[in-house]
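In the working numbering, the protein residues as written are 112 to 372. Have a look at the structure below before the remarks.
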Ligand code: CA
């Protein structure tokens, strides 16, 4: 394999290595950045209890006890989720939500309320709340709902492109190009490439590829993976440099940008 990094010493290479480094640092930081949650709850006991539980679960939590402060926080800070009580001093929870949506913010909102009338739920959901939990509730249930909402939010705001070197995969348009040239892939090849790109630099065992892309067990027919992988490499790597997909004998496959390895 042609390893530019091992031999080159020019400035261009240094710049490229630097950008690889920054790319990695960025990836690492985005992985460990804790999720931020805003709680707007005027009952001291409930607010403190929620805050403590969510902090223990690994979130960064801001707690405010009044509707005006809640709206101000939601608009000036960036949160992955807001938990709003309905009955609040200043502004009620619905007005806080309306203010958030009016400002064009898509922050997921979970309502908490002692009132369990159907009308209240409908009103909250019509205003753009994402979920509704009636007091009293178990903290474990709140935590489960919070995690579901965060997962949903993360998916919708996820990156639209995956890249390695001059290879680009457009998740929305379902298109792949290398060095600006369009490459046509079958649905399975696309799924395979998406998996390789998402786990860039990681050696993926055949068993994992089989379960993730083909939804089948390792034992059923591993030849399918090899054939698909050969076709994918022919399309992506045969006419381009550097080669991005590698077989790691006895272990599996890895996609990596050799310039960054
Ligand atoms: Ca209240």
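Using N, Cα and C, we set each Cβ at its ideal position, and we do this for glycine too. Quick caveat: nothing in here was measured; it's all calculated off a predicted structure.
- When Cβ pairs closer than 8 Å are counted between the two stretches, the segment 174-188 is seen not to touch the segment 237-249, the count staying below three.
- Taking 3 residues as the minimum length, the beta strand (DSSP E) runs contained wholly in the segment 265-300 are 272-275, 278-281, 286-289 and 292-294, in order along the chain.
- It is roughly 9 Å from the alpha-carbon of residue 264 to the alpha-carbon of residue 192.
- Measuring C-alpha to C-alpha distances from residue 165 to each of 324, 249 and 366 identifies 249 as the nearest.
- Environment of ligand 1, chain-ordered: 153, 196 and 198, taking every residue with Cβ within less than 5 Å of a heavy atom.
- Within the same chain, and ignoring the five residues on either side of residue 345 in sequence, no residue has its Cβ closer than 8 Å to its Cβ.
- In this structure residue 347 is in contact with residue 289, their Cβ atoms being roughly 6 Å apart against a cut-off of 8 Å.
- A straight-line Cα-Cα distance of about 18 Å links residue 218 and residue 162.
- Among the bridge pairs identified by DSSP, residue 338 is matched with none.
- For the 8 Å CB-CB criterion, residue 324 and residue 303 form a contact.
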